[in-house]
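S.K.: Quick one: the structure is below, and I'll ask about it shortly.
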Amino acid sequence: MVEQAFLRIQNLSLASQEGQSLVKDLSLEVSAGQAVGILGESGSGKTLTALAAMRLLPPSVIQTQGEIYLEGLALGPLSEVEMCKIRGAKLGFVFQEPAAAFNPVLPVGVQVAEAMELHLPLGKVERKNACLELMEECGLQSPADIARAYPHQLSGGMLQRAMIAAALAGSPQLLIADEPTTALDVTIQAEILQLVNRLRSSRGLALLWISHDLGVLASVCEELVVMKSGQVLEQGSVHRVLGAPNDPYTKELVAAAPRLEVGP
């Protein structure tokens with residue numbers, strides 16, 4: 031019996047309200063514990079694909095075709111109330127700009143704890159302790175101090191770690207990350223990538239990572255999907271795509287990239 035994919039995107043097409051095609055007939059799967067990367071330049075449709083998987087498309091974008099399945103369940107027919115139970119509990123999302131994702135007038139710890147409160151049956155004291163443990167697990171030293179801080183008081187790297195903690199607060203099985211290291215310097219970026227690999231190993235997390243950076247995807251993913259202008263040009267294992275790319279566009283990207291280290 032073939033194992034069912036945890037997340038399956040089947041023949042997804044997206045368009046603007048004006049009818050411009052944004053994503054064309056995209057299909058991909060993420061199995062339990064697997065890390066899949068979507069590689070593409072700005073405007074390729076990779077972020078819209080991630081938002082579609084969360085049912086968080088902006089009003090200006092409509093789904094014209096296809097379906098998204100989570101553990102075999104079609105997400106399209108679900109109400110927003112039903113989707114709210116799935117987001118956080120089964121799907122976690124890490125935004126590219128955590129400063130915009132956090133509420134600026136609430137302490138960071140309150141916001142991580144709120145995500146826990148929605149999905150985990152914990153008392154107030156248990157929730158506070160679990161929140162601090164999670165923040166520490168995500169590499170935030172002195173978590174009690176950071177929990178009291180407001181988003182603007184944290185560095186970019188610390189804020190991204192807090193964003194990852196918030197995304198994991200409901201213990202999801204799949205983490206969707208939209209260019210989470212793009213705005214970080216190289217050293218902090220490497221630390222975040224190490225953190226994600228460690229969390230994947232300890233929690234058995236599946237990962238859908240969106241990036242324009244081939245080196246980043248090579249370090250965290252096992253499967254790679256290459257997109258351009260809303261279409262999938264190539265997909266396969268990271269080793270195969272990097273070692274023997276088929277599409278001319280992929281060949282250009284691989285040739286232009288610095289020496290790539292495949293991980294984790």
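Numbering (the numbering used here), first residue to last: 31 to 294. Beta carbons: idealized from backbone N, C-alpha and C, even for Gly. This structure is a prediction, so every number in the text was calculated from the model and none was measured.
Applying the 10 Å Cβ sphere with the 16-neighbour rule, what's the burial state of Lys154?
M.R.: So Lys154 counts as exposed.
S.K.: Do you know how far the Cα of Leu283 is from the Cα of Arg85?
M.R.: 30 Å
S.K.: Along the beta strand (DSSP E) that carries Met84, what are the first and last residues, could you check?
M.R.: According to the DSSP assignment, Met84 belongs to no beta strand (DSSP E), since it is labelled neither H nor E.
S.K.: DSSP on Ala274, reduced to helix/strand/coil?
M.R.: coil
S.K.: Could you tell me how far apart the beta carbons of Phe60 and Phe36 are, in whole angstroms, since I believe they sit closer than 8 Å?
M.R.: Before going further, note that residue 60 is Val rather than Phe in the sequence given. At roughly 6 Å, the Cβ-Cβ gap stays under 8 Å, so Val60 and Phe36 are in contact.
S.K.: With a threshold of 6 Å on Cβ separation, who are the neighbours of Val32 within its own chain once the five nearest residues in sequence on each side are excluded?
M.R.: Low local confidence applies: a pLDDT of 47 at Val32 is under 50, so the model's placement there is unreliable, with the coordinate-based value given in what follows. Close CB contacts of Val32 within its chain, under the 6 Å cut and outside five residues either way in sequence, are absent.
S.K.: Helix, strand or coil for Leu204 per DSSP?
M.R.: strand
S.K.: Quick one: what's got a C-beta closer than 8 Å to Gly266's C-beta in the same chain, skipping five residues either side?
M.R.: Glu253 and Leu254
S.K.: Skipping 5 residues on each side, what residues in its chain have a beta carbon closer than 7 Å to that of Ala220?
M.R.: none
S.K.: Go through the region 103 to 134 residue by residue and report every complete run of the beta strand (DSSP E) that reaches 3 residues or more, in order.
M.R.: Within the region 103 to 134, the runs of beta strand (DSSP E) at least 3 residues long that lie entirely inside it are, in chain order, 121 to 124.
S.K.: Just to confirm my understanding: we take Leu152, look at its own chain, exclude 5 residues before and 5 after, and list those with CB closer than 8 Å. What are they?
M.R.: Met146 and Ala160
S.K.: Gln95 bridges to which residues according to DSSP?
M.R.: Answer is Ser43.
S.K.: Taking 8 Å as the CB-CB cut-off, is Ala160 touching chain C?
M.R.: Absence of chain C from the displayed structure is noted, only one protein chain being present.
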